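Enquirer: Below is a structure I'd like to ask you about.
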Amino acid sequence: MSDVLIVIPTYNERDNLPRIVARIRAAVPAAHLLVVDDDSPDGTGRIADRLAAELPGVHVLHREEKQGLGAAYTAGFRWGLARGYDLLVEIDADGSHPPERLPALLSAAERADLVIGSRWTPGGRVANWPRHRELLSRLANRYARLVLRLPVADVTGGFRVYRAAALARILRGGVESRGYCFQVDLTLRAVRQGCTVAEVPITFVDRTAGTSKMDAGVLFEALWRITAWAFHALSGPAPTGSRS
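Position in the sequence shown (from 1) plus 7 gives the number in the numbering used here.
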């Protein structure tokens, strides 16, 4: 799996980063990891450098300031595409995405351009989330699915595998989305470009250390961008991507 790059964006994740790196290496020992740190004030970047010095296949990309989740992933993807990796993976540093499901996602990528670790497909679920947080996530996901006419159960899910050729096409022209709507943006692009999308059920577990980066600004960006994309597409045909 040296052709697999797992991209981990970080901002103030010093307590979580060593744990998630250890779990990923246990699940897929031969995969490479890239930590994309946005100059974390808590020293996460220094911890990432130490891990990279100690562990083969661990790399670090330092960025000068916090620019949002989407920008961090885009930088990591471009780093990986430039170095010839075949599969590029998104995973959060906080442990909410179970690395133990990576073999299943990577296996599904043999027949799909995009694989989503899905909370809302049959067999998927969330654990330890407050009821209001789960309700908000379900409503946001349903809204995005309906207004964008996407044949995907978990449009907003951030645990993903992309095939490099498909990802290069998806990123062409640049990506403006900064927050969590980045996931919706790339899903929309993938489906409209005819990419094959597969979903693998996962159990999403709320973080146990650190603080969530979700705030009102992130939610507002997601709402207005999704609504704008929907209005822009009203006169066009429904997306044509397929599911496997």
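Glycine included, each C-beta is placed from N, C-alpha and C at the ideal position.
Quick caveat, the model's predicted, so the values are computed rather than measured.
1) For the alpha helix (DSSP H) holding E141, just list the boundary residues, first then last.
2) To the nearest whole angstrom, what separates the beta carbons of P105 and T210, a pair I think is in contact under 8 angstroms?
3) Could you check what DSSP says for D28 in three-state terms: helix, strand or coil?
4) Using only the alpha-carbon positions, how far apart do R126 and R232 sit?
5) Taking only the alpha-carbon atoms, compute the straight-line gap between Q74 and A37 and give it to the nearest angstrom.
6) Going by alpha carbons, who is nearest to A100 out of V11, G186, I15?
7) Rounding to the nearest angstrom, what Cα-Cα distance links D213 and E141 in this structure?
8) Going by DSSP in three states, R70 sits in which element: helix, strand or coil?
9) Would you call L287 buried or exposed, if buried means 16 or more other Cβ atoms sit within 10 Å of its Cβ?
10) According to the Cβ coordinates, are I123 and V11 closer than 8 angstroms?
11) Runs of 4 residues minimum, wholly inside the region 93-125: which ones carry the alpha helix (DSSP H) assignment?
12) So, under 8 angstroms CB-CB, Y80 and F189 are touching, yes? Tell me the CB distance rounded to an integer number of Å.
13) Which residue comes first and which comes last in the alpha helix (DSSP H) that contains L62?
14) So for D22, helix, strand or coil by DSSP?
Expert: Taking the definition as stated:
1) 138-155
2) 6 angstroms
3) Looking at the sequence shown, residue 28 is not Asp but Val. If DSSP states are grouped into helix, strand and coil, V28 belongs with the helices.
4) 23 angstroms
5) 30 angstroms
6) I15
7) 10 angstroms
8) coil
9) In the structure as shown, the chain begins at 8 and stops at 251. Residue 287 is therefore absent and cannot be evaluated.
10) no
11) 109-115
12) 6 angstroms
13) It is not in any alpha helix (DSSP H) - L62 carries neither H nor E in the DSSP assignment.
14) coil
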